[in-house]
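Novice: Once you've had a glance at the structure underneath, I'll fire off some questions.
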Amino acid sequence: MPKEPQPKPQHMPLAIPRDISERLIHLHGNPGAWWLGQFLKYMFRLQPYMQKLIKESEKSFHYRHPIVGVHVRRTDKIKEAKYYQLEEYMEQVEEYFAGLQVFNPNVTRRIYLASDEPRVFKEAKKKYPQYEILSNKKSQVMKKNKRYKINSLRDLIMDIYFLSRADYIVVTFSSNIGRLVYEIMQSLSVDASNCFYSLDTTYYFHFQRPNFVKTRFFHQPDSGAPVQPGEKLQLLSWSSNFRKELSRKTEKKVVLPNYKLEPIVDVVNVSSYEFRQQPGT
Numbered sequence: 157m158p159k160e161p162q163p164k165p166q167h168m169p170l171a172i173p174r175d176i177s178e179r180l181i182h183l184h185g186n187p188g189a190w191w192l193g194q195f196l197k198y199m200f201r202l203q204p205y206m207q208k209l210i211k212e213s214e215k216s217f218h219y220r221h222p223i224v225g226v227h228v229r230r231t232d233k234i235k236e237a238k239y240y241q242l243e244e245y246m247e248q249v250e251e252y253f254a255g256l257q258v259f260n261p262n263v264t265r266r267i268y269l270a271s272d273e274p275r276v277f278k279e280a281k282k283k284y285p286q287y288e289i290l291s292n293k294k295s296q297v298m299k300k301n302k303r304y305k306i307n308s309l310r311d312l313i314m315d316i317y318f319l320s321r322a323d324y325i326v327v328t329f330s331s332n333i334g335r336l337v338y339e340i341m342q343s344l345s346v347d348a349s350n351c352f353y354s355l356d357t358t359y360y361f362h363f364q365r366p367n368f369v370k371t372r373f374f375h376q377p378d379s380g381a382p383v384q385p386g387e388k389l390q391l392l393s394w395s396s397n398f399r400k401e402l403s404r405k406t407e408k409k410v411v412l413p414n415y416k417l418e419p420i421v422d423v424v425n426v427s428s429y430e431f432r433q434q435p436g437t
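Sequence positions in the sequence shown follow this note's numbering and run 157 to 437.
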């Protein structure tokens, strides 16, 4: 694990530049992820041979929309994060398609499944025959003894490519791949900030700058002073999708449900395009 930079640079995610902040906050639900996604989109420019491989794969398994990307992380993540059954992922997939079915009763239930565990693919096909299940069948990423080979990297890139182009993703944000896919999604759509479901943590960036929120409603904790609307609190943990552990000036910590909190976007004085040519010059 890399060491946390100290002091943290001003431009450290999930900060955004002040010169684009007003427009970005107005247009996007997660400005920090969108800004990070622009860098990742640039970094993930594909070499011609990778473009060819992806186009061939896309044609071979008929990658079409609507589609949900599902990333099931197992193997080395077992010691770090909670184990989730395939049914827990598919419950969220089914909920997404149930919403689409209201407008299109004949919608095809289609997923792109990526995993480092070979048994997941067989399990999915057996338990969910009503789904069209797409996957990179050549992938060797799942084999632990081949994970750091060139072919494994190639197949991982392909999985990231297809997952990030899904209409919706079901992942675990404790996984670097889950967060990476979400970030790239933001660079491919006007606003894909809500096009996901994470089974464990909320979205975060390793070693990110302090994350602050403000309260939307009054809250009376089990103990301690009440929390007033508009109070600024520092987020201490990303481990729950439903409630947050926070730090306040008057006490060590307080726990609030998510719906009572509103994120504060971290706006910093760095330029988005320092050397851009000004209009009329």
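A virtual CB, placed ideally from N, CA and C, is assigned to each residue, including glycine.
Might you give, ordered along the chain, the residues of its own chain that have their beta carbon closer than 8 Å to the beta carbon of Leu196, omitting 5 neighbours on each side?
Specialist: Excluding sequence neighbours, Leu196 sits near Leu336, Glu339, Ile340 and Ser343.
Novice: Select from Ser330, Gln248 and Glu214 the residue whose C-alpha is nearest the C-alpha of Cys351.
Specialist: Closest option to Cys351, Cα to Cα, is Gln248.
Novice: DSSP on Gln296, reduced to helix/strand/coil?
Specialist: Caution is warranted here: a pLDDT of 43 is assigned to Gln296, below 50, making its placement in the model unreliable, and the coordinate value is therefore given only provisionally. Coil.
Novice: Can you look up His182 in the DSSP assignment and give me helix, strand or coil?
Specialist: Reduced to three states, the DSSP call for His182 is helix.
Novice: So for Lys388, helix, strand or coil by DSSP?
Specialist: Residue state, collapsed to three classes: strand.
Novice: Is Thr328 closer than 9 Å to His227 when the C-beta atoms are compared?
Specialist: Taking 9 Å as the Cβ cut-off, His227 and Thr328 qualify as a contacting pair.
Novice: Return the CA-CA distance between Phe368 and Phe361, expressed in angstroms with no decimal places.
Specialist: Spanning the two alpha carbons is a distance of roughly 14 Å.
Novice: I'd like to check one pair, Leu290 with Phe217: are the Cβ atoms closer than 9 Å?
Specialist: Their beta carbons are under 9 Å apart, which means Phe217 touches Leu290 by this criterion.
Novice: Can you tell which of Gln162, Ile313 and Tyr239 has its C-alpha closest to the C-alpha of Gln203?
Specialist: For the residues Gln162, Ile313 and Tyr239, the minimum Cα distance to Gln203 belongs to Ile313.
Novice: With a cut-off of 8 Å on the beta carbons, I'd call Asp175 and Arg230 a contact; round off their distance for me.
Specialist: Actually they are not in contact, since the Cβ atoms of Asp175 and Arg230 sit about 43 Å apart, beyond 8 Å.
Novice: Which one or two residues does DSSP pair with Ile289 in a beta bridge?
Specialist: Answer by DSSP bridge pairing, in chain order: Ile267.
Novice: Check Glu244 in the structure and name its three-state DSSP category.
Specialist: Residue state, collapsed to three classes: helix.
Novice: Where does the unbroken alpha helix (DSSP H) through Tyr353 begin, and where does it stop?
Specialist: Careful: Tyr353 lies outside any alpha helix (DSSP H), inside the beta strand (DSSP E) at Phe352 to Ser354.
Novice: CB-CB under 7 Å to Pro419, same chain, minus the five flanking residues each way: which ones, in chain order?
Specialist: So the qualifying residues of the chain are Val369.
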